[in-house]
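Read top to bottom, the protein sequences are chains A and B. Residues in the first sequence are numbered from 1 upward in steps of one, following our numbering. Residues in the second sequence are numbered from 261 upward in steps of one, following our numbering. Where a beta carbon is used, it is the ideal one built from N, C-alpha and C, also for glycine. Only one structure is covered here, and it is reproduced in the block below.
Number of protein chains: 2
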Amino acid sequence: MKQRLTIIKIGGALMESEETIVNLANVLGEIPGHKVVVHGGGRKASDLSEKLGIEIEMIEGRRITNKETLDVATMVYAGLYNKQLVSQFQKNNVRSLGMSGADLNIITSRKRPVRNVDYGFVGDIIKIDTSAMSELFNLNIVPVFCAITHDNNGQLLNTNADTIATMIAVKMADQYTVDLMYCMDKKGVLEDPDDDDSVISEIDYKRYKTLKMNGKIKLGLIPKMDNAFYALVNNVADVWICNIDGLVDYPAIKGTRICQ
Amino acid sequence: MKQRLTIIKIGGALMESEETIVNLANVLGEIPGHKVVVHGGGRKASDLSEKLGIEIEMIEGRRITNKETLDVATMVYAGLYNKQLVSQFQKNNVRSLGMSGADLNIITSRKRPVRNVDYGFVGDIIKIDTSAMSELFNLNIVPVFCAITHDNNGQLLNTNADTIATMIAVKMADQYTVDLMYCMDKKGVLEDPDDDDSVISEIDYKRYKTLKMNGKIKLGLIPKMDNAFYALVNNVADVWICNIDGLVDYPAIKGTRICQ
Chain A
1 MKQRLTIIKI GGALMESEET IVNLANVLGE IPGHKVVVHG GGRKASDLSE KLGIEIEMIE
61 GRRITNKETL DVATMVYAGL YNKQLVSQFQ KNNVRSLGMS GADLNIITSR KRPVRNVDYG
121 FVGDIIKIDT SAMSELFNLN IVPVFCAITH DNNGQLLNTN ADTIATMIAV KMADQYTVDL
181 MYCMDKKGVL EDPDDDDSVI SEIDYKRYKT LKMNGKIKLG LIPKMDNAFY ALVNNVADVW
241 ICNIDGLVDY PAIKGTRICQ
Chain B
261 MKQRLTIIKI GGALMESEET IVNLANVLGE IPGHKVVVHG GGRKASDLSE KLGIEIEMIE
321 GRRITNKETL DVATMVYAGL YNKQLVSQFQ KNNVRSLGMS GADLNIITSR KRPVRNVDYG
381 FVGDIIKIDT SAMSELFNLN IVPVFCAITH DNNGQLLNTN ADTIATMIAV KMADQYTVDL
441 MYCMDKKGVL EDPDDDDSVI SEIDYKRYKT LKMNGKIKLG LIPKMDNAFY ALVNNVADVW
501 ICNIDGLVDY PAIKGTRICQ
């Protein structure tokens with residue numbers, strides 16, 4: 001029988017709350033099997049860029065990662081957030097190891113090719129070293145990934161945290177029974193965006209298409225949902241969109257279950 | 261027979277030169293046995309503090325680490341420098357893993373007790389997890405430490421990089437034959453501070469005391485030399501003060517050998 005692996009992605013906004021981090025540490029203690037945490041960036045990087053007078057370049061509503069923005073992202077994600085998270089986890093007896101994709105060369109990406117837009121130092125994942133990941137699991141280590149990868153040629157790259165979580169889940173699914181939880185501030189996908197309690201308990205692909213067509217899925221959720229379905233069709237066992245509180249009664253999970 | 265372990269500490273100023281980092285990566289490839297790298301901070305943290313308008317508090321010539329300064333140090337040391345170094349090492353086939361003391365709870369320190377001066381968030385090392393270190397060595401991993409540790413109670417702490425290198429060397433000396441190299445920009449300890457080629461090839465404790473008495477040892481070198489002798493009396497096999505170029509012909513080393 002395959003061993004279990006649970007991948008928890010936490011959004012950047014959650015990084016601001018110590019209570020949430022402690023809850024997450026407790027949740028990690030409850031969930032059996034191996035665990036991976038992936039964390040987003042949050043406002044801190046934008047705040048720091050602003051303080052440093054770094055202009056945020058946007059093309060077609062998408063942020064461009066120039067050299068200065070990459071340095072700020074590396075400092076905030078791989079430095080401040082990653083180490084604060086790891087230190088809190090240790091306090092709560094989670095044997096965690098903060099990592100970027102460069103560490104152990106565990107996530108290789110390539111700079112996104114320039115077609116119409118040059119997104120700058122943004123990396124699309126091309127390889128996950130699944131053996132290195134298993135070596136860490138065998139030492140009962142919980143890897144904690146920030147949203148920085150590299151090209152294995154000395155260049156760090158900014159990479160979307162949802163995508164990192166998804167790709168790790170997909171690549172590990174051959175060897176492990178993988179559960180993937182995208183945790184955000186809302187309790188799940190909402191029927192009514194203005195009612196935090198209108199969580200849709202289950203969404204399959206047909207319902208997703210309908211919700212999207214009716215404009216019920218908020219724009220920011222679409223890439224997350226696409227990632228979720230991508231994971232499911234690539235053998236990830238169970239996918240949830242929820243918040244940390246939805247995991248505290250594990251194995252009973254509250255939130256939106258995504259199914260094929 | 262004990263396995264060899266070589267600990268290389270590189271000063272912050274060296275972090276600014278890509279050539280130096282490539283040389284170091286090549287050196288790491290040449291040295292047999294297990295390896296640890298410890299890197300300092302350099303000017304970047306001070307530059308960033310200045311840009312952010314964070315005042316540098318000094319008491320009796322020593323820098324105070326307040327909350328803002330600690331965050332900047334964590335960002336620059338654990339984020340930017342650590343990940344840039346690791347990415348360059350991977351490019352040169354060194355299987356490196358960037359770490360702070362919080363990762364795997366591998367270096368625990370305690371906030372320096374307030375006597376006459378409150379140094380702020382500065383940590384004095386109280387424990388190194390030597391088993392965790394060996395677990396990494398057994399996977400042929402080269403841990404790359406930045407100058408951030410933690411108190412195992414959720415608080416990150418700023419810790420001198422020379423001291424981290426020294427304490428790792430001392431604690432690992434029971435199990436490994438440890439060589440410790442403090443690499444800086446100068447070629448070694450200089451007879452004449454104005455002549456970069458006046459490297460003293462060997463200094464024992466008696467000579468050190470004489471040099472110190474005659475004002476021949478520059479102020480900044482004294483804690484490094486004290487660390488060096490502390491390592492030697494605590495069973496570290498071989499201790500050098502040199503630069504990276506002094507290691508490129510390893511096992512022939514150029515620089516200042518410290519002996520008892």
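Straight-line measurement puts the Cα of Met-427(B) at about 14 Å from the Cα of Arg-370(B). Going by beta carbons, Tyr-176(A) and His-34(A) fall inside the 8 Å limit. A distance of 8 Å or more separates the beta carbons of Met-432(B) and Thr-368(B).
Under a 10 Å Cβ-count criterion, Glu-135(A) is classified as buried, with 16 or more other Cβ atoms of the shown protein chains found around its own Cβ. In this structure the segment 137–147 of chain A touches the segment 62–82 of chain A; the number of beta carbon pairs closer than 8 Å is three or more. In this structure, the CA atom of Ala-392(B) is about 19 Å from the CA atom of Leu-416(B). Look at the segment 324–392 of chain B and you find these whole runs of beta strand (DSSP E), each 3 residues long or longer: 356–359, 367–371, 383–388. What Met-75(A) touches in chain B, judged by beta-carbon distance under 7 Å, is Met-335, Val-336, Gly-339, Leu-340, going in chain order. Per the C-alpha coordinates, the member of Val-233(A), Tyr-208(A), Leu-5(A) positioned closest to Ile-222(A) is Tyr-208(A). Counting C-beta atoms within 10 angstroms of its own C-beta, Ile-141(A) has 16 or more neighbours from the protein chains shown and is therefore classed as buried. In this structure, the CA atom of Leu-139(A) is about 11 Å from the CA atom of Asn-398(B). Close to His-39(A), with beta-carbon spacing below 7 Å, lies no residue of chain B; the smallest spacing is near 13 Å. Residue environment: Asn-420(B) is assigned as buried (16 or more neighbouring CB atoms within 10 Å of its CB, all protein chains considered).
Ranking Asn-413(B), Tyr-465(B), Ala-497(B) by CA distance to the CA of Asp-486(B) puts Tyr-465(B) first. A straight line joining the alpha-carbon of Lys-127(A) with that of Thr-163(A) spans about 12 Å. Secondary structure note for Met-441(B): its beta strand (DSSP E) is the uninterrupted segment 436–443. By DSSP's assignment, Gln-263(B) forms a beta bridge with Tyr-436(B). Within 8 Å of the CB of Lys-351(B), the CB atoms of chain A belong to Asn-152, Asn-153, Gly-154, in sequence order along the chain.
From the beta-carbon of Gln-175(A), no residue of chain B is found nearer than 7 Å; the closest lies around 18 Å away. Under the Cβ criterion of 8 Å, Val-86(A) is counted among the residues facing chain B.
Apart from sequence neighbours up to five positions away, the residues of its chain that approach Lys-343(B) with a beta-carbon distance below 8 Å are Gly-358, ordered along the chain. In this structure Leu-48(A) touches Val-72(A) by the C-beta definition: roughly 5 Å separates them, less than 8 Å.
Proximity of Asn-105(A) to chain B, defined by a Cβ-Cβ separation below 8 Å, is satisfied. Pairing Lys-262(B) with Ala-497(B), the inter-Cα distance amounts to about 12 Å. Shown here for Leu-450(B): same chain residues with a beta carbon closer than 8 Å to its own, the five before and five after excluded, namely Asp-456, Ser-458, Val-459, Ile-460 in chain order. Following the DSSP letters along the chain, one finds Asp-498(B) inside the beta strand (DSSP E) bounded by residues 498–502. For a Cβ distance threshold of 7 Å, residue set Leu-139 of chain A lies close to Glu-395(B), ordered along the chain. Close to Lys-51(A), with beta-carbon spacing below 7 Å, are these residues of chain B in chain order: Leu-312.
For His-39(A), the closest C-alpha among the options Gly-101(A), Lys-254(A), Thr-210(A), Asp-118(A) is that of Gly-101(A).
Contact with chain A is found for Gly-358(B), since one of that chain's Cβ atoms lies less than 8 Å from the residue's Cβ. Arg-370(B) has a beta carbon lying at 8 Å or more from every beta carbon in chain A. At a cut-off of 8 Å between C-beta atoms, Arg-303(B) does not count as an interface residue with respect to chain A. With contacts defined as CB atoms closer than 8 Å, Gly-120(A) and Ile-64(A) qualify as a contacting pair.
By the rule that beta-carbons nearer than 8 Å mark a contact, Arg-95(A) touches chain B. Here the alpha carbons of Asn-494(B) and Arg-112(A) stand approximately 51 Å from one another. At the C-beta level, Cys-183(A) and Ile-8(A) come within 8 Å of one another.
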